[in-house]
Amino acid sequence: MASPTSTSPSLITVAITVDGEAREVEVEPRTTLLDALRERLGENAPKKGCDHGQCGSCTVLLDGRRHLTCLTLAVQHDGADVVTAAGLGRLADGGDADPDGLHPVQRAFVDRDGLQCGYCTPGQVCSAVGALDEIAAGHPSHVTEDLEGEVEASEVEVRERLSGNICRCGAYPNIIDAVRQAAGSSPPDRVAAALAATEQRVGPGAAAGPGSDTKEQSS
Ligand code: FES
Ligand code: FES
Numbered sequence: 001m002a003s004p005t006s007t008s009p010s011l012i013t014v015a016i017t018v019d020g021e022a023r024e025v026e027v028e029p030r031t032t033l034l035d036a037l038r039e040r041l042g043e044n045a046p047k048k049g050c051d052h053g054q055c056g057s058c059t060v061l062l063d064g065r066r067h068l069t070c071l072t073l074a075v076q077h078d079g080a081d082v083v084t085a086a087g088l089g090r091l092a093d094g095g096d097a098d099p100d101g102l103h104p105v106q107r108a109f110v111d112r113d114g115l116q117c118g119y120c121t122p123g124q125v126c127s128a129v130g131a132l133d134e135i136a137a138g139h140p141s142h143v144t145e146d147l148e149g150e151v152e153a154s155e156v157e158v159r160e161r162l163s164g165n166i167c168r169c170g171a172y173p174n175i176i177d178a179v180r181q182a183a184g185s186s187p188p189d190r191v192a193a194a195l196a197a198t199e200q201r202v203g204p205g206a207a208a209g210p211g212s213d214t215k216e217q218s219s
């Protein structure tokens with residue numbers, strides 16, 4: 001009788017730094033970096049959305065650049081430095097994290113209400129940090145008109161650069177505003193603009209609450 005043979009592929013040890021901490025993990029050669037982070041190392045900030053490179057929810061900063069972790073194998077990144085959304089604030093350049101430990105991009109997402117369910121948010125903020133670094137370095141995108149001059153974090157530029165990050169809740173306007181705020185722009189306050197538009201349509205004070213509505217209707 002033939003002796004049994006193992007069908008499982010051999011495990012490979014990969015050493016990576018995750019959010020500033022040196023970690024080691026044994027993985028099969030086919031294990032993606034996303035699965036190594038989430039399933040083997042318990043790092044659940046990067047999210048598994050599509051697992052096919054289509055949604056951006058698994059984005060981290062890999063050796064300083066934004067990267068989709070579902071599209072790359074862990075064994076390709078021995079010695080790499082990974083920063084997830086969970087470590088962004090702590091590792092903010094030049095100690096830029098605010099008192100709540102948030103990276104400036106994360107703070108802008110809070111200020112601008114750039115999220116609803118939050119599932120896409122860790123990928124959005126990592127992608128935004130990478131995109132702003134690319135803009136600061138002068139890397140042009142598909143929509144950059146002046147390929148020689150400075151690149152600005154305009155609305156169209158930010159929309160293009162974050163187009164790989166899908167938000168199922170459709171929080172895009174506020175996400176774009178948050179990224180532009182983090183870049184130092186002053187996008188309009190959409191809530192104030194909506195209130196002003198309502199007041200213009202139905203009269204002063206009508207946007208303040210249901211009481212004023214009743215008064216308007218009964219007069
Ligand atoms: S899970 Fe990686 S792109 Fe969707
Ligand atoms: S906030 Fe829900 S998917 Fe983006």
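Residue 1 is where the sequence shown starts when you use full-length UniProt numbering, and the numbers rise one by one after that. Here a beta-carbon is modelled for each residue, glycine too, at the ideal position from N, C-alpha and C.
Original post:
Are residue 138 and residue 158 closer than 8 Å when you measure CB to CB?
Top reply: no
Original post:
Is it buried or exposed for residue 169, if we count other Cβ within 10 angstroms and need 16 for buried?
Top reply: exposed
Original post:
Looking at residue 59 and residue 66, is the spacing between their C-beta atoms short of 8 Å?
Top reply: yes
**OP:** Can you check DSSP and say which residues form a bridge with residue 180?
**Re:** Answer by DSSP bridge pairing: none, since residue 180 is not bridged.
Original post:
Can you find a heavy atom of ligand 2 that lies under 7 Å from the Cβ of residue 116?
Top reply: yes
Original post:
Would the beta-carbon of residue 121 be found less than 7 Å away from any heavy atom of ligand 2?
Top reply: yes
**OP:** My understanding is that residue 12 touches residue 26, with C-beta atoms under 8 Å, so please give their C-beta distance in whole angstroms.
**Re:** 7 Å
Original post:
Which runs of the beta strand (DSSP E) fall wholly inside the UniProt domain "2Fe-2S ferredoxin-type" (12-88) and span at least 3 residues, in chain order?
Top reply: 12-18, 21-27, 59-62, 65-68, 81-83
**OP:** Tell me, please, whether the segment 27-36 touches the segment 95-106 by the rule of three or more beta-carbon pairs shorter than 8 Å.
**Re:** no
Original post:
How should residue 167 be labelled, buried or exposed, when 16 other C-beta atoms within 10 angstroms of its C-beta is the threshold for buried?
Top reply: buried
Original post:
On the three-state DSSP scale, how would you describe residue 161?
Top reply: helix
**OP:** Go ahead and label residue 188 buried or exposed: buried means 16 or more other beta carbons lie within 10 angstroms of its beta carbon, across all protein chains shown.
**Re:** exposed
Original post:
Cβ of residue 57 versus every heavy atom of ligand 1: is any distance shorter than 7 Å?
Top reply: yes
Subject >> Alpha-carbon spacing of residue 15 relative to residue 69, whole angstroms >> reply: 16 Å
**OP:** State buried or exposed for residue 148, treating a residue as buried only when at least 16 other CB atoms are found within 10 Å of its CB.
**Re:** exposed
Original post:
What's the gap between the Cα of residue 107 and the Cα of residue 61?
Top reply: 18 Å
Original post:
From residue 179 to residue 131, what does the alpha carbon distance come to, in whole angstroms?
Top reply: 9 Å
**OP:** Indicate whether residue 124 and residue 165 have their beta-carbon atoms separated by less than 8 Å.
**Re:** yes
Subject >> Own chain, CB closer than 6 Å to residue 213, minus 5 neighbours either side, in chain order >> reply: Its pLDDT being 47, under 50, residue 213 is placed unreliably by the model, and the measurement read from it follows with that caveat. Nothing meets the Cβ criterion.
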